[in-house]
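Residue numbers (the numbering used here): 29 to 108.
Don't be surprised by glycine CBs; every beta carbon is placed ideally from N, CA and C.
None of these values were measured; they are calculated from a predicted model.
Notes to accompany the following structure.
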Amino acid sequence: MCKMKDVNVGIKDMDFKTYRGKMVVHLTDGRTVIVPVSFFPDIKQMPVKEREKWMVLDDQYFTFENMTRVYSVLDLLKAA
Numbered sequence: 029m030c031k032m033k034d035v036n037v038g039i040k041d042m043d044f045k046t047y048r049g050k051m052v053v054h055l056t057d058g059r060t061v062i063v064p065v066s067f068f069p070d071i072k073q074m075p076v077k078e079r080e081k082w083m084v085l086d087d088q089y090f091t092f093e094n095m096t097r098v099y100s101v102l103d104l105l106k107a108a
């Protein structure tokens, strides 16, 4: 497992359906982060169906089936 230094929280679940135009991310420490999809232009450009094909890597990173870019928990927390 490749943990980021000084980060002790991971990604538990993601949701793009609860709020229109927002990404809801549930973290392993119990917090929920709600971020506008517009903060991540390449995710915003994805078709809605493709957004549901997300995957978590090493608890602290996420990407999508048809995307080469990988985001981290820190990217989410900076956007929130």
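Residue i (DSSP reduced to helix, strand or coil)
| i | result |
| --- | --- |
| Val-37 | coil |
| Ala-108 | coil |
C-beta contact flag for residue i and residue j at 8 Å
| i | j | result |
| --- | --- | --- |
| Lys-50 | Val-65 | yes |
| Met-74 | Phe-92 | yes |
Residues that residue i bridges to, as DSSP identifies them
| i | result |
| --- | --- |
| Tyr-89 | Leu-85 and Ser-100 |
| Met-42 | Val-53 |
Whole-angstrom C-beta distance between residue j and residue i, which should lie under 8 Å
| i | j | result |
| --- | --- | --- |
| Ala-107 | Val-37 | Contact doesn't hold; Cβ gap of about 15 Å is too wide. |
Report the start-end ranges of each alpha helix (DSSP H) in the region 58-86 that is 4 residues or longer and not cut off at the edges. 69-72 and 76-79
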